[in-house]
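Just so we're aligned, residue 0 is where the sequence shown starts under numbering that gives the first Met the number 0, counting upward by one.
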Amino acid sequence: MYSDVLIDMGNMYLGINELNISDSLLQLTLKIQKDNGFNDLKLKINTLISLSLLQNSFGNNSKSNELLLSAKTDFNNLDLSEPLSEYFYCKNYPILLSNLGHSFQKIGDNKNAKIYLIDALDILSNTCKNQDKDKIFCLNNLAILDYGNESGLNYLLKAKDIAEKMDQKPKLLFTIYSNLGEFYRLRNRFYQSEEYFLKALKIVERRY
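Below, the structure is given as C-alpha coordinates:
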(Lines of atoms letter the chains of each structure in order from A and count residues from 1; the text may use other names and numbers.)
(Lines give C-alpha, C1' and ligand atoms only; values in the text may rest on other atoms or scores of the structure.)
Protein backbone atom coordinates (compact mmCIF):
# COMPACT_ATOMS: atom_id res chain seq x y z
CA MET A 1 0.00 0.00 0.00
CA TYR A 2 2.85 2.38 0.88
CA SER A 3 4.49 1.87 -2.51
CA ASP A 4 1.14 2.36 -4.28
CA VAL A 5 0.78 5.77 -2.64
CA LEU A 6 4.35 6.72 -3.58
CA ILE A 7 3.67 5.81 -7.23
CA ASP A 8 0.46 7.85 -7.22
CA MET A 9 2.32 10.82 -5.72
CA GLY A 10 5.16 10.41 -8.21
CA ASN A 11 2.67 10.42 -11.09
CA MET A 12 0.94 13.46 -9.62
CA TYR A 13 4.17 15.46 -9.49
CA LEU A 14 5.02 14.23 -13.00
CA GLY A 15 1.65 15.55 -14.18
CA ILE A 16 2.43 19.05 -12.85
CA ASN A 17 5.99 18.93 -14.23
CA GLU A 18 7.74 18.68 -10.86
CA LEU A 19 10.15 16.18 -12.38
CA ASN A 20 12.82 16.01 -9.66
CA ILE A 21 10.26 15.38 -6.90
CA SER A 22 8.59 12.74 -9.08
CA ASP A 23 11.94 11.08 -9.72
CA SER A 24 12.78 10.94 -6.00
CA LEU A 25 9.43 9.32 -5.13
CA LEU A 26 9.53 6.78 -7.94
CA GLN A 27 13.16 5.83 -7.27
CA LEU A 28 12.27 5.34 -3.59
CA THR A 29 9.37 3.11 -4.63
CA LEU A 30 11.66 0.98 -6.77
CA LYS A 31 14.21 0.68 -3.94
CA ILE A 32 11.53 -0.48 -1.48
CA GLN A 33 10.37 -3.09 -3.98
CA LYS A 34 13.92 -4.25 -4.60
CA ASP A 35 14.50 -4.60 -0.84
CA ASN A 36 11.38 -6.79 -0.73
CA GLY A 37 12.62 -8.96 -3.59
CA PHE A 38 10.19 -7.51 -6.15
CA ASN A 39 7.44 -9.72 -4.74
CA ASP A 40 4.71 -7.73 -6.55
CA LEU A 41 5.36 -7.87 -10.28
CA LYS A 42 2.43 -5.60 -11.15
CA LEU A 43 3.72 -2.90 -8.82
CA LYS A 44 7.18 -3.15 -10.38
CA ILE A 45 5.73 -2.83 -13.88
CA ASN A 46 3.72 0.26 -12.90
CA THR A 47 6.81 1.85 -11.38
CA LEU A 48 8.93 1.14 -14.47
CA ILE A 49 6.28 2.61 -16.77
CA SER A 50 6.05 5.76 -14.64
CA LEU A 51 9.84 6.09 -14.57
CA SER A 52 9.95 5.70 -18.35
CA LEU A 53 7.47 8.56 -18.76
CA LEU A 54 9.59 10.63 -16.40
CA GLN A 55 12.77 9.93 -18.39
CA ASN A 56 10.89 10.86 -21.54
CA SER A 57 10.01 14.19 -19.92
CA PHE A 58 13.71 14.68 -19.12
CA GLY A 59 14.41 14.07 -22.82
CA ASN A 60 16.28 10.84 -22.11
CA ASN A 61 14.64 8.63 -24.74
CA SER A 62 17.26 5.86 -24.53
CA LYS A 63 16.71 5.44 -20.78
CA SER A 64 12.95 5.57 -21.29
CA ASN A 65 13.29 2.75 -23.84
CA GLU A 66 15.40 0.70 -21.44
CA LEU A 67 12.79 0.98 -18.67
CA LEU A 68 9.92 0.09 -21.01
CA LEU A 69 11.75 -2.96 -22.35
CA SER A 70 12.39 -4.07 -18.76
CA ALA A 71 8.67 -3.67 -18.00
CA LYS A 72 7.83 -5.66 -21.15
CA THR A 73 10.06 -8.51 -19.92
CA ASP A 74 8.23 -8.51 -16.59
CA PHE A 75 4.89 -8.63 -18.42
CA ASN A 76 6.04 -11.84 -20.09
CA ASN A 77 6.44 -13.36 -16.61
CA LEU A 78 3.02 -12.22 -15.41
CA ASP A 79 0.61 -15.00 -14.46
CA LEU A 80 -2.64 -14.01 -16.19
CA SER A 81 -4.57 -16.64 -14.22
CA GLU A 82 -4.21 -14.55 -11.07
CA PRO A 83 -7.19 -12.39 -10.04
CA LEU A 84 -7.40 -9.11 -12.02
CA SER A 85 -4.23 -9.94 -13.99
CA GLU A 86 -6.11 -9.94 -17.30
CA TYR A 87 -7.57 -6.51 -16.45
CA PHE A 88 -4.09 -5.28 -15.52
CA TYR A 89 -2.71 -6.65 -18.79
CA CYS A 90 -5.33 -4.90 -20.95
CA LYS A 91 -5.05 -1.65 -19.03
CA ASN A 92 -1.27 -1.45 -19.24
CA TYR A 93 0.32 -3.72 -21.85
CA PRO A 94 -1.03 -2.05 -25.02
CA ILE A 95 -0.04 1.36 -23.61
CA LEU A 96 3.44 0.04 -22.84
CA LEU A 97 3.80 -1.18 -26.44
CA SER A 98 2.47 2.15 -27.75
CA ASN A 99 4.93 4.06 -25.59
CA LEU A 100 7.76 1.83 -26.82
CA GLY A 101 6.74 2.52 -30.40
CA HIS A 102 6.59 6.24 -29.73
CA SER A 103 9.95 6.16 -27.95
CA PHE A 104 11.67 4.31 -30.81
CA GLN A 105 10.06 6.78 -33.20
CA LYS A 106 11.63 9.69 -31.31
CA ILE A 107 15.13 8.22 -31.64
CA GLY A 108 14.62 7.57 -35.37
CA ASP A 109 14.24 3.78 -35.20
CA ASN A 110 11.10 3.64 -37.33
CA LYS A 111 11.35 -0.09 -37.96
CA ASN A 112 11.03 -1.04 -34.29
CA ALA A 113 8.55 1.80 -33.73
CA LYS A 114 6.20 0.33 -36.31
CA ILE A 115 6.55 -3.21 -34.92
CA TYR A 116 5.50 -2.15 -31.41
CA LEU A 117 2.71 0.16 -32.58
CA ILE A 118 1.21 -2.53 -34.82
CA ASP A 119 1.42 -5.06 -31.96
CA ALA A 120 -0.37 -2.60 -29.68
CA LEU A 121 -3.04 -1.89 -32.28
CA ASP A 122 -3.59 -5.62 -32.82
CA ILE A 123 -4.15 -6.18 -29.08
CA LEU A 124 -6.47 -3.18 -28.82
CA SER A 125 -8.47 -4.36 -31.84
CA ASN A 126 -8.78 -8.04 -30.94
CA THR A 127 -8.07 -8.73 -27.26
CA CYS A 128 -8.41 -5.58 -25.16
CA LYS A 129 -11.28 -3.70 -26.75
CA ASN A 130 -13.13 -0.51 -25.70
CA GLN A 131 -9.90 1.46 -25.19
CA ASP A 132 -10.52 3.97 -27.92
CA LYS A 133 -8.15 6.67 -26.67
CA ASP A 134 -5.21 4.25 -26.72
CA LYS A 135 -6.24 3.01 -30.16
CA ILE A 136 -6.30 6.57 -31.53
CA PHE A 137 -2.81 7.14 -30.10
CA CYS A 138 -1.51 4.07 -31.98
CA LEU A 139 -3.22 4.99 -35.23
CA ASN A 140 -1.98 8.58 -35.10
CA ASN A 141 1.63 7.52 -34.50
CA LEU A 142 1.44 4.89 -37.24
CA ALA A 143 0.15 7.61 -39.56
CA ILE A 144 3.13 9.82 -38.69
CA LEU A 145 5.49 6.93 -39.53
CA ASP A 146 3.70 6.39 -42.85
CA TYR A 147 3.21 10.05 -43.77
CA GLY A 148 4.73 9.45 -47.20
CA ASN A 149 2.27 6.66 -48.04
CA GLU A 150 -1.47 6.30 -48.47
CA SER A 151 -1.45 3.91 -45.51
CA GLY A 152 -0.75 6.98 -43.36
CA LEU A 153 -4.00 8.51 -44.57
CA ASN A 154 -5.88 5.28 -43.85
CA TYR A 155 -4.58 5.23 -40.27
CA LEU A 156 -5.68 8.85 -39.75
CA LEU A 157 -9.12 8.26 -41.20
CA LYS A 158 -9.62 5.28 -38.89
CA ALA A 159 -8.53 7.43 -35.94
CA LYS A 160 -10.94 10.17 -37.06
CA ASP A 161 -13.89 7.76 -37.19
CA ILE A 162 -13.18 6.61 -33.63
CA ALA A 163 -12.52 10.10 -32.25
CA GLU A 164 -15.73 11.53 -33.75
CA LYS A 165 -17.76 8.97 -31.79
CA MET A 166 -16.12 9.84 -28.48
CA ASP A 167 -17.65 12.37 -26.10
CA GLN A 168 -15.64 15.00 -24.24
CA LYS A 169 -12.39 14.35 -26.16
CA PRO A 170 -12.02 17.49 -28.31
CA LYS A 171 -8.23 17.54 -27.93
CA LEU A 172 -7.93 14.13 -29.58
CA LEU A 173 -10.18 15.17 -32.44
CA PHE A 174 -8.31 18.44 -32.87
CA THR A 175 -5.04 16.52 -33.25
CA ILE A 176 -6.49 14.16 -35.84
CA TYR A 177 -8.14 16.95 -37.87
CA SER A 178 -4.90 18.97 -37.81
CA ASN A 179 -2.84 16.00 -38.96
CA LEU A 180 -5.32 15.24 -41.74
CA GLY A 181 -5.13 18.87 -42.85
CA GLU A 182 -1.34 18.68 -42.95
CA PHE A 183 -1.40 15.31 -44.71
CA TYR A 184 -3.54 16.67 -47.53
CA ARG A 185 -1.59 19.96 -47.69
CA LEU A 186 1.69 18.16 -48.29
CA ARG A 187 0.06 16.38 -51.22
CA ASN A 188 -1.36 19.59 -52.73
CA ARG A 189 -4.89 18.39 -52.04
CA PHE A 190 -5.89 21.79 -50.79
CA TYR A 191 -9.67 21.37 -50.74
CA GLN A 192 -9.45 18.46 -48.29
CA SER A 193 -6.68 20.21 -46.38
CA GLU A 194 -8.83 23.30 -45.84
CA GLU A 195 -11.79 21.17 -44.77
CA TYR A 196 -9.91 19.55 -41.91
CA PHE A 197 -8.00 22.63 -40.81
CA LEU A 198 -11.35 24.47 -40.54
CA LYS A 199 -12.77 21.61 -38.47
CA ALA A 200 -9.77 21.85 -36.14
CA LEU A 201 -10.25 25.62 -35.81
CA LYS A 202 -13.92 25.17 -34.92
CA ILE A 203 -12.92 22.97 -31.98
CA VAL A 204 -10.58 25.71 -30.72
CA GLU A 205 -13.29 28.36 -31.17
CA ARG A 206 -15.78 26.30 -29.15
CA ARG A 207 -13.31 25.93 -26.29
CA TYR A 208 -12.45 29.64 -26.13
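No residue lacks a Cβ here, since even glycine has one placed at the ideal position from N, Cα and C.
ask   = Where does the unbroken alpha helix (DSSP H) through S80 begin, and where does it stop?
value = The residue you call residue 80 lines up with position 81 of the sequence shown. Note, S80: premise wrong, no alpha helix (DSSP H); not H, not E.
query = Just how far apart, CA to CA, sit K134 and E149?
reply = Locating residue 134 in the sequence shown gives position 135, counting from the first residue. Locating residue 149 in the sequence shown gives position 150, counting from the first residue. Rounded to the nearest angstrom, the two C-alpha atoms are 19 Å apart.
key: Contacts around Q191, its chain only, beta-carbon distance under 6 Å, and the 5 residues preceding and following it disregarded   = By one-based count along the sequence shown, residue 191 stands at place 192. Same-chain partners within the cutoff: Y183.
inquiry  = Would Y154 and L179 be called neighbours here (beta carbons separated by less than 8 Å)?
reply    = Residue numbering aside, residue 154 sits at position 155 when the sequence shown is read from its first letter. Residue numbering aside, residue 179 sits at position 180 when the sequence shown is read from its first letter. Cβ distance not < 8 Å, so Y154 and L179 don't count as in contact.
request  = State buried or exposed for Y88, treating a residue as buried only when at least 16 other CB atoms are found within 10 Å of its CB.
outcome  = Indexing the sequence shown from 1 puts residue 88 at position 89. Y88 comes out buried.
ask   = Is the region 63–72 touching the region 18–29 in the sense that three or more CB pairs, one from each, lie closer than 8 Å?
value = no
query = How is R209 classed by DSSP in three states: helix, strand or coil?
reply = The question about residue 209 has no answer here: the residues shown for the chain are numbered 0 through 207.
key: For I106, three-class secondary structure by DSSP   = As a working note, residue 106 is residue 107 in the sequence shown. Coil.
query = What did DSSP end up calling N59 once you bin it into helix, strand or coil?
reply = Counting from one through the sequence shown, the residue named residue 59 turns up at place 60. The answer is coil: DSSP assigns N59 none of H, G, I, E or B.
inquiry  = Considering Cα atoms alone, identify which of K105, L141 and D108 is closest to A119.
reply    = Taking the first residue of the sequence shown as position 1, residue 119 is located at position 120. Comparing Cα-Cα distances from A119 to each of K105, L141 and D108, the minimum goes to L141.
key: Sequence-distant residues of the same chain with beta carbon closer than 7 Å to N45, five excluded per side   = As a position in the sequence shown, residue 45 is number 46, starting the count at 1. Excluding positions up to five away in sequence, the list reads I6.
message = Quick check on G58: buried or exposed, where buried means 16 or more other Cβ atoms within 10 Å of its Cβ?
response = The residue labelled residue 58 in the question sits at position 59 within the sequence shown. With fewer than 16 other Cβ atoms within 10 Å, it is exposed.
C-alpha gap between F74 and Y92, whole angstroms = In the sequence shown, counting from the first residue as 1, residue 74 sits at position 75. In the sequence shown, counting from the first residue as 1, residue 92 sits at position 93. Whole-angstrom Cα-Cα distance: 8 Å.
query = Whole-angstrom Cβ separation of S102 and F136, contact assumed at under 8 Å?
reply = By one-based count along the sequence shown, residue 102 stands at place 103. By one-based count along the sequence shown, residue 136 stands at place 137. That belief does not hold up - the Cβ atoms of S102 and F136 are roughly 13 Å apart, past 8 Å.
Reduced DSSP category for C89 - H, G, I as helix; E, B as strand; rest coil = Position 90 of the sequence shown, counted from the first residue, corresponds to residue 89. Secondary structure at C89: helix, using DSSP grouped into helix, strand and coil.
inquiry  = Going by DSSP in three states, Q130 sits in which element: helix, strand or coil?
reply    = Sequence index remark: in the sequence shown, residue 130 carries index 131 (1-based). It is coil, neither helix nor strand.
query = Does the separation of the CB atoms of A158 and N129 fall below 8 Å?
reply = Along the sequence shown, read from residue 1 onward, the residue named residue 158 stands at position 159. Along the sequence shown, read from residue 1 onward, the residue named residue 129 stands at position 130. Not a contact, by the Cβ cut-off of 8 Å.
query = Going by beta carbon distance, what residues of the same chain come within less than 8 Å of Y146, once the five residues before and after it are set aside?
reply = Here the question's residue 146 lines up with position 147 in the sequence shown. Answer for Y146: F182 and L185, listed in chain order.
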